[in-house]
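Under the numbering used here, the first residue of the sequence shown is numbered -13, with each subsequent residue one higher. Ideal placement from N, C-alpha and C gives every residue a C-beta, glycine not left out. Small disclaimer: the values here were computed from a predicted structure and weren't measured. Let me begin by presenting the structure, written as structure tokens, before commenting on it.
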Amino acid sequence: MAPSIRGTRTVHEGWSTVLVADLTMPDGTRRSREVEDHGRAVCVLPYDPERRVALLIQQFRAPLFYAEGVTDLIEAPAGLLDETDAEDGARREAYEETGLRLGRLEPVASVWSMPGISTERMQLFLGAYREGDRIGEGGGLAEEGEDITVVEMPLSTLAAMSDAGEITDMKTLALVLALRLRHPSLFGRVAVARPELVTPA
């Protein structure tokens, strides 16, 4: 016998919807659980195999500031999926946030981001690019209040940061590890260097 949902009630509706689901468990026990509902999302880690660099973003995240005073976070381009096709959504996010035009993407996984609280299912990709593929400024959408800085760094630095526990965004860490497993030849001797902030194209 599977659990059943007797009903739901919405307690907040905005960028995402928060609802309470009233459940009956297989043994007949009744429970209530909060659910944050906003659907599917995508994330892509762009990397240049010729120059051996990756293009990431840095931005303010209010929950992190609330929790620990963190003022910015380095992460791979990501966002909610508006399109039917996840690859199209990943390419759009990469362009909006980094100004990068991506072609073929390499699927990595389709994962639940926070299964204890959220319905978000995120599709993860790796995206190879060349230096000439950066055709826009990036920075995110002004109407959505995004204030994004584009960061380019050597893959060796990215690997060193992941080993040191300095990549604290889970989706980004998963993609860095996937890139290292699938394309180990791109990573030479690991040495820490300062990320370089990319000026608008």
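Where residue i sits in the DSSP three-state scheme
i      : result
E152   : coil
S(-13) : According to the sequence shown, residue -13 is Met rather than Ser. M(-13): coil per DSSP, three-state reduction.
D8     : strand
M100   : coil
S142   : helix
R17    : strand
D133   : coil
V178   : With a pLDDT of 45 at V178, under the threshold of 50, the modelled position of this residue cannot be trusted; read the value that follows with caution. DSSP places V178 in coil when its eight states are reduced to three.
Run of the beta strand (DSSP E) containing residue i, from where it starts to where it stops
i    : result
F111 : R107 to A114
G65  : A64 to L66
I60  : L59 to E61
P32  : R26 to D34
L88  : Counting along the chain, L88 falls outside any beta strand (DSSP E), and DSSP gives it neither H nor E.
I43  : V39 to Q45
Integer Cβ distance of residue i from residue j, believed to fall under 8 Å
i    : j   : result
L163 : A40 : Between A40 and L163 the Cβ distance is about 13 Å, and since that is not below 8 Å, they are no contact.
E117 : D34 : 6 Å
Y52  : L88 : Actually they do not touch by this definition, with Cβ atoms about 33 Å apart.
Delimiting residues of the alpha helix (DSSP H) encompassing residue i
i   : result
G75 : A72 to T84
L50 : A48 to E54
Backbone CA spacing between residue i and residue j [nearest angstrom]
i     : j     : result
W1    : R(-8) : 25 Å
A146  : E152  : 9 Å
E(-1) : I103  : 16 Å
E79   : T3    : 22 Å
L31   : R17   : 39 Å
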